[in-house]
Amino acid sequence: MGALYERANLFSFGAFCMRSWGWYDAMALIIADYVLNPKLRSQMDQGLRVGKHWKIPYTVPSIVMIVTELTMKYCWTMFPQYINKELVLSQFLDLSESTTRNEFAAADSYPRVEDWLVIFGLLLLVETTERIRSFLSAIWLVVLGKRSLSE
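Residues 248 to 398 in the numbering used here are what the sequence shown spells out, letter by letter.
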């Protein structure tokens, strides 16, 4: 099972470098696997192993991701001239002969790191925290959700 996740992480890194939305999809599949696979859930519920003797709950990295995202959004608000500077990380633009970074940023939306951090951080927080899951499965929220999604 570990090799599968190593490949998914490698795919995600490659998709990030090529400015594809695939890294969002790969992380969503890992979360879905956590939700549906009882063996993986039991392993992850034990916590994230740091070293040989330390384990931290997955709520810690998810909160760090959310705080990092909020910090990045604050920085982009305070310093708007740096909002597209993460495009420097994209090797896709270095391989492209006909597109500059400014043209690419203006042409279409692209997957941003801070958006991924909040999406994945919130999903990880919800799925790994029993209290949040039980709150979100309250009857009144379920009824409200069904009502809002009905035709």
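For each residue, glycine too, the CB sits at the ideal point set by N, CA and C.
Tell me which same chain residues have a C-beta within less than 6 Å of the C-beta of residue i, skipping the five on either side of it?
i	result
Trp-270	Ser-259, Ala-262 and Phe-263
Please determine, among the options, the residue with the shortest C-alpha to C-alpha distance to residue i.
i	options	result
Leu-371	Trp-387, Gly-392 and Asp-292	Asp-292
Arg-380	Gln-328, Leu-396 and Thr-306	Thr-306
Val-311	Val-390, Phe-367 and Glu-377	Phe-367
Glu-316	Ala-385, Asp-362 and Trp-268	Asp-362
Trp-323	Arg-288, Glu-377 and Val-360	Val-360
Ile-278	Ile-303, Thr-375 and Met-325	Thr-375
Is the separation between the beta-carbon of residue i and that of residue j shorter than 8 Å?
i	j	result
Val-373	Leu-364	no
Leu-295	Pro-285	no
Return helix, strand or coil for residue i, following the three-state DSSP convention.
i	result
Leu-340	Caution is warranted here: a pLDDT of 49 is assigned to Leu-340, below 50, making its placement in the model unreliable, and no coordinate value can be reported.
Arg-359	coil
Thr-315	helix
Phe-326	coil
Ile-386	helix
Val-376	The displayed chain sequence assigns Thr, not Val, to residue 376. Coil at Thr-376, not helix or strand.
Trp-270	helix
For residue i, which beta-bridge partners are listed by DSSP?
i	result
Ile-303	Leu-295
Can you give me the Cβ contacts of residue i inside the same chain, cut-off strictly under 8 Å, excluding the 5 residues immediately before and after it?
i	result
Lys-320	Glu-361
In chain order, what residues of the same chain lie with their CB nearer than 7 Å to the CB of residue i, ignoring the 5 residues before and after it?
i	result
Leu-257	none
Leu-369	Ile-313
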